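Before any comments, here is the structure.
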Amino acid sequence: MRRLSRDEYFLSMANIAAARATCDRLWCGCVIVVDGEIAATGYNGAPSGLSECDEVGHLMVNGHCKRTIHAEQNALYQAKKKYRNLNGAVAYINATPCEICLSELLKWGVKRVVCGSHYRSAEREESTLQLVSAWSAVIEYHPSPDISLTFGTEVEDVKRIQINRAE
1 MRRLSRDEYF LSMANIAAAR ATCDRLWCGC VIVVDGEIAA TGYNGAPSGL SECDEVGHLM
61 VNGHCKRTIH AEQNALYQAK KKYRNLNGAV AYINATPCEI CLSELLKWGV KRVVCGSHYR
121 SAEREESTLQ LVSAWSAVIE YHPSPDISLT FGTEVEDVKR IQINRAE
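With the UniProt record's numbering, the residue at position 24 of the sequence shown is 24, and numbering never jumps.
This is the structure we're talking about:
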């Protein structure tokens, strides 16, 4: 069985981070990678200490849930604790970031954004491309690998079951 590429690996990690999300409008995960190593991860959810969407419902304003901090914002918050800047970093996100999150990632030095899926409209895609171009960065779309794992109780029981790729 072929080994995952680095992009597939980090996108898979973003999907795992998304599994911690607490806003079911979109489960989103983000992994920020600096020099080939994971610098930070994030997922969308309410700020620490506040009620989650899963518990009390969504706080909707103009079609968006305002109770939730985005995965990219949470990952940036974690990364900023360790790094002065993220020059040349790569952000792996399981869906296209919103314009605000994309701007923040680019402002902090992320030069490559790898998304596992497109989110929303062609109009949004156009503004995304304009932002990336203005910051001399790139955005790429790679389908997230479909990975199934089975974990046993002993280290030797851990088995990789299946990796399906859109070829």
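Every residue, glycine too, gets a C-beta built ideally from N, C-alpha and C. Given the structure is predicted, the values throughout are model-derived calculations rather than measurements.
Local Cβ density within 10 Å of residue i, reported as buried at 16 or more and exposed below that
i, result
"residue 170", "Because the chain is modelled from 1 through 167, residue 170 falls outside the range shown and cannot be assessed."
"H70", "buried"
"P97", "buried"
"N85", "exposed"
"N15", "buried"
"V61", "exposed"
"L129", "exposed"
"S144", "buried"
"N87", "exposed"
"G36", "exposed"
"A166", "Any answer about A166 is weak, because its pLDDT of 43 lies below 50 and its placement is not dependable; what the coordinates show is given next. It is exposed - the Cβ of A166 has fewer than 16 other Cβ atoms within 10 Å."
"V138", "exposed"
"G29", "buried"
Euclidean distance between Cα positions of residue i and residue j
i, j, result
"I147", "V31", "17 Å"
"K66", "G57", "11 Å"
"S12", "N94", "8 Å"
"G116", "K107", "22 Å"
"A18", "V113", "17 Å"
"S133", "Y141", "16 Å"
"L131", "Y119", "16 Å"
"Y92", "S48", "23 Å"
"L76", "A40", "7 Å"
"A46", "C53", "7 Å"
"I163", "L4", "Annotation note: pLDDT 46 at I163 (below 50); position unreliable, coordinate value reported separately. In a straight line, the C-alpha of I163 is about 9 Å away from that of L4."
"C101", "V34", "18 Å"
"I161", "L26", "With a pLDDT of 41 at I161, under the threshold of 50, the modelled position of this residue cannot be trusted, and the question is left open."
"Y9", "Q78", "20 Å"
Any C-beta of chain D under 8 Å from that of residue i
i, result
"R20", "Judged by its chain identifiers, the structure shown contains no chain D, having just a single protein chain."
Span of the alpha helix (DSSP H) around residue i
i, result
"Y77", "71 to 82"
"C98", "Here C98 belongs to no alpha helix (DSSP H), and DSSP marks it neither H nor E."
Delimiting residues of the beta strand (DSSP E) encompassing residue i
i, result
"C115", "112 to 115"
"A91", "90 to 93"
- Segments assigned beta strand (DSSP E), at least 3 residues, entirely inside the region 18 to 78: 29 to 34, 37 to 43
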